[in-house]
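Residue numbering for the sequence shown follows our numbering, starting at 23 and increasing by one per position.
Every residue gets a Cβ at the ideal spot worked out from N, C-alpha and C, and that includes glycine.
Computed from a predicted structure; not experimentally measured.
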Amino acid sequence: MATYQIVVKGIVQGVGFRPFIYNLANSCNITGYVKNTSSGVVIEATADESTLRSFCERIQKEAPKLSRIEYFDFQLIVEKLFSGFDILESESRPGYFSLIPPDMAICDDCLRELRDPSDRRYRYPFINCTNCGPRFSIINKMPYDRPYTSMAGFIMCPDCKKEYKDPQDRRFHAQPIACPVCGPQLSLYIAQNKIAERDEALQKARSIIKSGGILALKGLGGFQLICDAANTSAVQRLREGKLRSAKPFALMASSLDVVSSFIKINDNGSDLNGYQHPIIIAPIENTSLAHIAPGQNTLGFMLPYTPLHHLLMDGEPGYPQVMVVTSGNISDEPMVVDDHLAFSKLGKIADGFLSHDRPIINRVDDSVFRIGVNTVTPMRRARGYSPDPVQISASIPGIFAAGALLKNTFSITHEDRVFISQHMGDLDNAETYMAYRESVDHFFDLFQFSPEGIACDMHPDFLSTSFASVMAERYQVPIIPIQHHHAHLAACLAENLLPLNEDVIALTFDGTGYGPDGAIWGGEFLLGSAAGSERAGHLQYLPLPGGDAAIKRPYRIALAYLHALDLLDKDPFLENRCSNQELHLLITQLDKNLNVFQTSSMGRLFDAISSLIGIRHEVSYEGQAAIELEEIADPSIEDGYPFSLVDGQFMVKSLFENILVDISENISVPVISSRFHNTVISASSEMIQHIIGSKPINTVLLSGGVWQNQLLLSKMQIEIHHLGLRVFTHHLIPPNDGCISLGQAVAAGSIMKGR
Ligand code: ZN
Ligand code: ZN
Ligand code: FE
């Protein structure tokens, strides 16, 4: 006889791991115990050595499907005698990292019970098991055990307790276990008055949706606003209430069949259906829901991921088949998570509030992916993914990275893993910034994290930068500012598990990033590795009149660029672009250099072209002009416009000149758009060859929000392959500024390691 102490780390808590060990041990006649600690699962097992060895093998081979073993170790310890095999109470050990499982979509077994009239959880909106249900959104503290979740206040009924304690039951040790007798319940509020509970609340909520109203639903990670997607006046009312005039809404449909009648999901159906259930944006199959995404040829769909969504969606004939399901907030504010704030913030929009009494601890938005012909790009990483870490190729010191200003996430690192927060949003909104600070505190708490260094953007005025200084002061550790586009490079390098010291070329194309020369960068060709890079090339500088204000009015960018390139007199439609007076003022502003910024932004170039060829002159959300420019392009066109590279700069005068010629010759917009895309690809390709020269570099990275453009991305990848080089982009983390905190962390970590 011998005794092994086994330690297993990874995603091994909240996924049915201990019951699995318990059953396996019993079936092998092993005695001992298993327990959760905040550093992972610890097992002590007594049997003969060959049994113990096969036990170790089977743990790794047969582990539950939602678990992920990242570390497995065992050692022989002094022989201990146990009377049986037990699951012991969890213990918390300070200073250790453990993985926190993300929220998971309802599993097939629970869905079957939800619809089975003979089941005791028939139509119970909070049904879950060890394989599904809320996790991160209800966790207060580690280790993951019911008293540390927002289920703490619900006392299990005898039936639930029996299931929870029965190792043969599929809810054995399922922490959020609940039933109609003992668990959370629904309530429906209208004008802040509770008017119904339980199934009656659900029925009334359904009739609000059916009659064209807007329902506020307390979902998994926050409130959502829901209405019948086919009802144009309900959708319009939602737009007005949310101050969101044109930005597309996410949709939910009850089945994959319904989704595929609206969008081309190709082989990506499984992405919609996995345990994450993100929103998938794909090209449209028909135009019946065009009012959901004005000016776009794509729609975003998700499938119901909680039992409550199923109960709301499942419908008799005549009941809405597709619903708008959008986050419950106004404009850029954070999603509302509690009833009182919901009443005050969403009271003017929603006709009713379907709420419940299980508190939301961590706010998590829905995750979003965009699908092209042969590309899948993450746009927002949150529910189902966070706070799952990203594995990187080497260990780095413990870093807190504050992230960017827009589409913010923050990161903390532990050895060779980076824990990236869920999508936080735009920090220039005061309430989002407050929510960000709270989430940082909570992450530090959950992971019992103490940083060795702090990383932030180089921009001196970012709120995240000043917050980083506060943190550096608090922990008495160095602060390391990282240039925005270098952070993009480092993020892409890290995410693809490339060696952190490998030299690469990174095409970091985005809207805005603070350059060390004070200009606004964004069309950058960087050469270097995680610890540092040099600017090997860039889009030529052009004037941005009024900085951020011009971003909302692409026609002013187009005019400013034409003026700078000395082409205003060649524009056949100059008179139509704005009033003479406005044009005159704009030219004066540019000539006198009043509040004019120099920019190499690729995003702004797309905006300018979008307006120049008549697609979009003013935008109501970020990226609108560029998205519409992409979607109108005819991908079969293969030629482009002339350009030149001068001193490592991509010069665009001949590009603009030739577009003006095409416009005056009435060449169609889809053709011009495609020729423009092809020009950016050819210029990039030539720049890459120029930079490489005789250097032994064979890897090109693509990062930055411009790479959300699936047409540009797929053609660029093919082009780089043709050059005989390897190309990497993002597949786990968005290429937009959602990846900046990962890049800052990895860059700062590499710099500290080198010191
Ligand atoms: Zn389940
Ligand atoms: Zn119960
Ligand atoms: Fe960026």
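Helix, strand or coil, according to DSSP, for residue i in the structure here?
i	result
residue 127	coil
residue 33	strand
residue 349	strand
residue 218	strand
residue 684	helix
residue 575	coil
residue 814	Here the chain comprises residues numbered 23 to 777, so residue 814 is not present and cannot be evaluated.
residue 362	helix
residue 405	coil
residue 66	strand
residue 312	helix
residue 556	strand
residue 778	Missing from the structure shown is residue 778; the chain here goes from 23 to 777 and no further.
residue 244	coil
residue 649	helix
residue 629	helix
residue 178	coil
residue 618	strand
residue 370	coil
residue 490	helix
residue 643	coil
residue 660	coil
residue 284	helix
residue 325	coil
residue 761	helix
residue 392	strand
residue 536	strand
residue 709	helix
residue 80	helix
residue 666	strand
With residue i and residue j assumed to form a contact (beta carbons below 8 Å), what rounded beta-carbon distance in angstroms separates them?
i	j	result
residue 443	residue 431	5 Å
residue 260	residue 375	Not really, about 15 Å apart at Cβ, beyond 8 Å.
residue 242	residue 323	No, residue 242 and residue 323 are not in contact; Cβ-Cβ is about 17 Å, not under 8 Å.
residue 329	residue 276	Contact doesn't hold; Cβ gap of about 13 Å is too wide.
residue 158	residue 86	That pair is no contact at about 18 Å.
residue 387	residue 237	Contact doesn't hold; Cβ gap of about 18 Å is too wide.
residue 251	residue 346	5 Å
residue 471	residue 434	5 Å
residue 33	residue 121	5 Å
Quick check on this structure: which residue in the options has the alpha carbon closest to the alpha carbon of residue i?
i	options	result
residue 231	642, 645, 257 and 622	257
residue 424	501, 451 and 28	501
residue 474	484, 437 and 377	437
residue 696	607, 734 and 725	734
residue 555	530, 469, 457 and 684	530
residue 525	551, 534, 514 and 446	551
residue 589	253, 674, 224 and 142	674
residue 77	124, 90, 112 and 24	24
residue 476	465, 490 and 466	490
residue 615	567, 571 and 599	567
residue 451	150, 369 and 355	355
residue 520	310, 750 and 467	750
residue 83	688, 558 and 46	46
residue 422	35, 683, 440 and 586	440
residue 62	90, 53 and 576	90
residue 776	203, 523 and 186	523
residue 534	587, 586, 558 and 479	479
residue 125	152, 143 and 461	152
Would you say residue i reaches chain D, if we count a Cβ-Cβ gap shorter than 8 Å as a contact?
i	result
residue 471	In the structure shown, chain D cannot be found, because there is only a single protein chain.
Could you name the residues whose beta carbon sits closer than 5 Å to any heavy atom belonging to ligand 2, keeping them in chain order? Checking every Cβ against the heavy atoms of ligand 2 under 5 Å gives 179, 182, 201, 203 and 204.
Residues passing the C-beta test against ligand 3 heavy atoms, cut-off 6 Å: This selection yields 506, 510, 532, 535, 726, 727 and 759.
So which residues put a beta carbon under 5 Å from any heavy atom of ligand 1, going in chain order? Here the residues come out as 129, 132, 151, 153 and 154.
Count the C-beta pairs between the stretch 610-619 and the stretch 631-648 that are closer than 8 Å, then say yes if the count reaches three, no if not. Result no; under three Cβ-Cβ pairs closer than 8 Å.
Taking 8 Å as the threshold, find out whether the stretch 47-67 comes into contact with the stretch 99-110 through three or more Cβ pairs. These segments touch.
Three Cβ pairs or more, each shorter than 8 Å: is that satisfied between the stretch 760-770 and the stretch 494-509? At 8 Å Cβ cutoff, the stretches touch.
Three or more C-beta pairs closer than 8 Å, one from the stretch 713-733 and one from the stretch 510-526: is that the case here? When Cβ pairs closer than 8 Å are counted between the two stretches, the stretch 713-733 is seen to touch the stretch 510-526, the count reaching three or more.
Any chance the stretch 570-588 sits against the stretch 690-709, with 3 or more Cβ pairs inside 8 Å? Too few Cβ pairs lie closer than 8 Å, so no.
Would you call the stretch 349-357 in contact with the stretch 217-224, where contact means no fewer than 3 C-beta pairs closer than 8 Å? With the cut-off at 8 Å, the stretch 349-357 and the stretch 217-224 do not touch.
At a cut of 8 Å, does the stretch 391-410 reach the stretch 300-315 through at least three beta carbon pairs? Taking one beta carbon from each stretch, the stretch 391-410 and the stretch 300-315 have 3 or more pairs nearer than 8 Å; the two touch.
If you pair each beta-carbon of the stretch 159-166 with each one of the stretch 453-469, do three or more pairs fall below 8 Å? With a cut-off of 8 Å, the stretch 453-469 and the stretch 159-166 count as touching, because enough Cβ pairs lie within range.
Quick one: any contact between the stretch 530-547 and the stretch 615-627, if contact means 3 or more CB pairs under 8 Å? In this structure the stretch 530-547 touches the stretch 615-627; the number of beta carbon pairs closer than 8 Å is three or more.
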